[in-house]
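Asker: In our numbering, the protein residues as written are 2 to 324.
Note that beta-carbon positions come from the ideal geometry of N, C-alpha and C, so glycine has one too.
Remember, predicted model here, so these are calculated numbers, not experimental data.
(1) In whole angstroms, give me the CA-to-CA distance for residue 1 and residue 136.
(2) Determine the direct distance from the alpha carbon of residue 86 to that of residue 315, and round the result to whole angstroms.
(3) Indicate whether residue 217 and residue 148 have their beta-carbon atoms separated by less than 8 angstroms.
(4) Give the single residue among 156, 232, 169 whose Cα lies nearest to the Cα of residue 288.
(5) Ordered along the chain, which non-local residues of its own chain (more than five positions away) have a Cβ less than 6 angstroms from that of residue 69?
(6) So is residue 108 buried or exposed if we call it buried at 16+ other beta carbons inside 10 Å?
(7) How about residue 11 and residue 22: are their beta carbons less than 8 angstroms apart?
(8) Can you pull the DSSP bridge partners for residue 215?
(9) I need the straight-line Cα distance from residue 18 to residue 112, nearest angstrom please.
(10) Suppose the cutoff is 6 angstroms on Cβ atoms and the five residues either side in sequence are ignored; what does the same chain contact list for residue 204 look like?
(11) Name the DSSP beta bridge partners of residue 277, please?
(12) So for residue 266, helix, strand or coil by DSSP?
(13) What is the rounded straight-line gap between the Cα of residue 241 and the Cα of residue 277?
(14) Relative to the C-alpha of residue 236, which candidate in 228, 224, 208 has its C-alpha closest?
(15) Measuring only the C-alpha atoms, how far is residue 14 from residue 94?
(16) Could you check if residue 57 is buried or exposed, using at least 16 other CB atoms within 10 Å of its CB as the buried criterion?
(17) Helix, strand or coil for residue 236 per DSSP?
(18) Suppose you measure from the CA of residue 306 to the CA of residue 272; what does that come to, to the nearest Å?
(19) Can you grab the Cα-Cα spacing for the pair residue 244 / residue 40, in whole Å?
(20) What residues in its chain sit with their C-beta under 8 angstroms from that of residue 308, if we drop five residues either side in the sequence?
(21) When every heavy atom of the ligand ZN is checked, does at least one fall within less than 7 angstroms of the C-beta of residue 259?
(22) Can you give me the Cβ contacts of residue 126 inside the same chain, cut-off strictly under 6 angstroms, excluding the 5 residues immediately before and after it?
(23) My output table needs one value for residue 43: the three-state DSSP class, helix, strand or coil.
(24) So, with DSSP's three-state summary, where would you put residue 295?
(25) If you draw a straight line from the C-alpha of residue 214 to the C-alpha of residue 230, how long is it?
(26) Leaving aside the five residues before and after residue 226 along the sequence, list all residues of the same chain whose C-beta is less than 7 angstroms from its C-beta, in chain order.
(27) For the segment 67-146, list the beta strand (DSSP E) runs that are entirely contained and at least 3 residues long, ordered along the chain.
(28) Please name the residue, chosen from 24, 300, 71, 211, that lies closest to residue 250 on a Cα-to-Cα basis.
(29) Expressed to the nearest angstrom, what Euclidean distance is found between the alpha-carbon atoms of residue 99 and residue 9?
(30) Between residue 4 and residue 313, what straight-line distance do the alpha-carbon atoms span, to the nearest angstrom?
(31) Give me the DSSP bridge partner(s) of residue 220.
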């Protein structure tokens, strides 16, 4: 049986909390450090306060520094529930680091439940409204319309660069070239998005809201909405967050939270923010996926690219462009 004290996550944890180092056991949540020597997430059972579990996340140093900033300088200033943050440790290799946070548990967010959707909307609205008054934009990456236009342009370039991959079928190539063509149409309309965003409030955005990055914790005090994985966070209009969680945040509840903080923002503007968020989210998603087109196994990425093509066609047909 391997010595748990020799595990790299435990060695990093020992620099923060030497009073309780040896975990009861270690659970691999994501990745495999021993093979990739890159990113990985582990659950260290029994080393946290009161014998609780701790999440150990190994990631590249810039990502870790951003999450450290969010946990140390931003979330403590906001009136929303947040995970306990235990610390940051630089990895011995120098290019990576460890982030340690409270374990959020295993109770999933269920968007089919109205109570969960309302809870998510209140949390996201509270985060956006309160963070917009903080003096932190300079320490966070920009997440405005230019950021997502860069994603769009990068996706089109990557597709064009990999279009000659022999693993792609003729039908695959047609799908990809249609995405490039319609992406250029989307880029030609980008000025409309920029003008709309210019009048919107700027605030902290999570940038990757999805069911895998949130949990619901229920106790005698009620339900709490808990969020983690802030590696794509930044400062910009709150559009993409509204389109996250698979479009299941209750927009009416969200508006009821933010309207006192942003009196110029009516419900129609919030609805259009949701649409803009869908556009932003599409550009980021397709840009991340196109990098996989350079390899031999293109079956899964092409399934997603076909889905993204249908999404893009729907976005281009949407009435918001004519408003």
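Answerer: On the basis of the data shown:
(1) Only positions 2 to 324 of the chain appear in the structure, and residue 1 is not among them; the question remains open.
(2) 41 angstroms
(3) no
(4) Checked all of 156, 232, 169; the closest Cα to residue 288 is 156.
(5) Residues 89 of the same chain have their beta carbon placed closer than 6 angstroms to that of residue 69, with the five preceding and five following residues left out of the count.
(6) exposed
(7) The Cβ-Cβ distance between residue 11 and residue 22 falls below 8 angstroms.
(8) 228
(9) Whole-angstrom Cα-Cα distance: 37 angstroms.
(10) 129, 132, 133, 239
(11) Looking at the DSSP output, residue 277 bridges to nothing.
(12) coil
(13) 7 angstroms
(14) Closest in alpha carbon position to residue 236, among 228, 224, 208, is 208.
(15) CA-CA distance, residue 14 to residue 94, rounds to 16 angstroms.
(16) It counts as buried.
(17) strand
(18) Cα-Cα distance, rounded: 26 angstroms.
(19) When rounded, the distance between both Cα atoms is 27 angstroms.
(20) none
(21) What this structure holds is no ligand at all, so the ligand ZN is not there to describe.
(22) 255, 258, 259
(23) strand
(24) helix
(25) 6 angstroms
(26) 82, 120, 121, 124, 215, 217
(27) 86-91, 97-103
(28) 211
(29) 10 angstroms
(30) 51 angstroms
(31) 223
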